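Engineer: First, the structure itself, so that you have it in front of you.
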Amino acid sequence: MTSGGTGYAGVLFDFSGTLFRLEPDPAWFAGLADAEGRILDDAAQRELLHRMTVPVGPPVPMEGEALRTWHARDLSSADHRDAYLHILEHSGIADAAERERLYGEFSNPLNWTIYPDTAAVLRAARDAGLTVGVLSNIGYDIRPAFEREGIADLVDQFVLSFEVGHAKPDLAVFHAATAALGLPPERVLMVGDSAEADGASRAIGCGFAQVEPLPVDARPAGLLDAVRAAGAI
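According to the working numbering, the sequence shown is numbered sequentially starting from 1114.
And the structure:
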């Protein structure tokens, strides 16, 4: 889905489910037990993964300070950590050291898997003369994921919610991102997997192209197709 026509001078990419995807290693859960000492089976592992990655929620009961950290989780690293440690505790992970270990795995940018066409799309955008940005709701630095893949130099600006103090769909973050690109919103295409969060960019005049946040192996060229269909490359 696109809007805004052609004539783009810049493009903003969402991170999770757009350029990269978090696909946990089964080894993270090996021997992991719940509060009753039961080893987590495949169903329990899938539920835990859902709770740690769900974009809306909260996925477990929260009130008071815990609820505040949930709503602020993408605005500061400290709140991100506290919110997800609470989720792990209320998902039956009783051991504090295990909670810390699992949070470390989920929040390690080097544990994210790149989509097959991400590098090609970023290079095509650069070759087309577009200014490229990554705009992400995130509570930690994702630049190391790009550095590992050798594509950090293809991104002109990283606009990360925990660094700028605003998160999608707050329009302030789109204003900040387009300003970082040095472009008016109507010259920028926003590419992401969420019509609600990423698509809110249309309210300030950006174009929007949507991708599906499928498993990496199931989406070999979805990003490329979406950006081409938008007329950006």
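Quick reminder that beta carbons are idealized off the backbone N, C-alpha and C, glycines included. If you're wondering where the values come from, they're calculated on a predicted model, not measured in any experiment.
Taking the alpha-carbon of Gly1278 as reference, which of Ser1189, Ala1156, Ala1157 and Thr1166 has the nearest alpha-carbon?
Structural biologist: Comparing Cα positions, the closest option is Ser1189.
Engineer: What whole-angstrom Cβ distance do Leu1125 and Leu1248 have, given they're in contact under 8 Å?
Structural biologist: Confirmed, about 5 Å.
Engineer: Determine contact between the region 1159-1177 and the region 1193-1201, defined as no fewer than three beta-carbon pairs at a distance below 8 Å.
Structural biologist: Touching, per the Cβ criterion.
Engineer: So, does the region 1136-1155 touch the region 1203-1215, judging by three or more C-beta pairs under 8 Å?
Structural biologist: Cβ pair count under 8 Å is three or more, so yes.
Engineer: I need the boundaries of the beta strand (DSSP E) containing Ile1227, first residue and last residue.
Structural biologist: Where Ile1227 is concerned, the enclosing beta strand (DSSP E) stretches over Trp1225 to Ile1227.
Engineer: Give me, in chain order, the residues of the same chain whose beta-carbon lies closer than 6 Å to that of Leu1337; leave out the 5 immediate sequence neighbours on both sides.
Structural biologist: Excluding sequence neighbours, Leu1337 sits near Asp1230 and Val1234.
Engineer: Spatial neighbours of Cys1319 within its chain, please: C-beta separation below 8 Å, excluding the five flanking residues on both sides.
Structural biologist: Here the set comprises Gly1117, Leu1125, Phe1287, Thr1291, Pro1298, Glu1299, Val1301, Leu1302 and Met1303.
Engineer: Quick check: the region 1257-1267 against the region 1169-1184, are at least 3 beta-carbon pairs closer than 8 Å?
Structural biologist: The region 1169-1184 is not in contact with the region 1257-1267.
Engineer: For Met1165, which three-state DSSP category applies?
Structural biologist: The answer is helix: DSSP assigns Met1165 an H, G or I state.
Engineer: If you draw a straight line from the C-alpha of Pro1333 to the C-alpha of Gly1177, how long is it?
Structural biologist: About 43 Å.
Engineer: Can you list, in chain order, the residues of its chain with a C-beta nearer than 6 Å to that of Glu1260? Leave out the 5 residues immediately preceding and following it.
Structural biologist: The answer is none, since no qualifying residue turns up.
Engineer: Looking at the strands, I want to know which residues DSSP matches up with Thr1244.
Structural biologist: Gly1123.
Engineer: Can you tell me the Cα-Cα spacing of Thr1311 and Glu1325, whole angstroms?
Structural biologist: For the record, residue 1311 in the displayed sequence is Asp; it is not Thr. Approximately 12 Å, taken between the alpha carbons.
Engineer: Look at Phe1305 and Gln1270 and say whether their C-beta atoms are less than 9 Å apart.
Structural biologist: The identity of residue 1305 in the sequence shown is Gly, whereas the question assumes Phe. Result no, Cβ atoms of Gly1305 and Gln1270 do not sit closer than 9 Å.
Engineer: Could you compute how far the alpha carbon of Gly1242 sits from the alpha carbon of Ala1122?
Structural biologist: Answer to the nearest angstrom: the Cα atoms are 7 Å apart.
Engineer: Any idea what DSSP makes of Arg1181, helix, strand or coil?
Structural biologist: In this structure, Arg1181 counts as helix in the three-state DSSP scheme.
Engineer: Hey, out of Ala1238, Ala1293, Asp1254 and Pro1139, whose CA is closest to Ser1129's CA?
Structural biologist: Nearest of Ala1238, Ala1293, Asp1254 and Pro1139 to Ser1129, Cα basis: Asp1254.
Engineer: Just verifying my parser: in three-state terms, what is the DSSP assignment at Leu1337?
Structural biologist: Correct three-state label for Leu1337: helix.
Engineer: Out of curiosity, what's the CA-to-CA distance linking Leu1296 and Glu1276?
Structural biologist: Straight-line Cα distance between these residues: approximately 20 Å.
Engineer: Would Thr1088 and Phe1133 be called neighbours here (beta carbons separated by less than 9 Å)?
Structural biologist: Nothing can be reported for residue 1088, as the shown portion of the chain is limited to 1114 through 1346.
Engineer: For Val1169, count neighbouring C-beta atoms within 10 Å of its own C-beta (all shown protein chains included) and say buried if the count is 16 or more, exposed if not.
Structural biologist: Under this definition Val1169 is an exposed residue.
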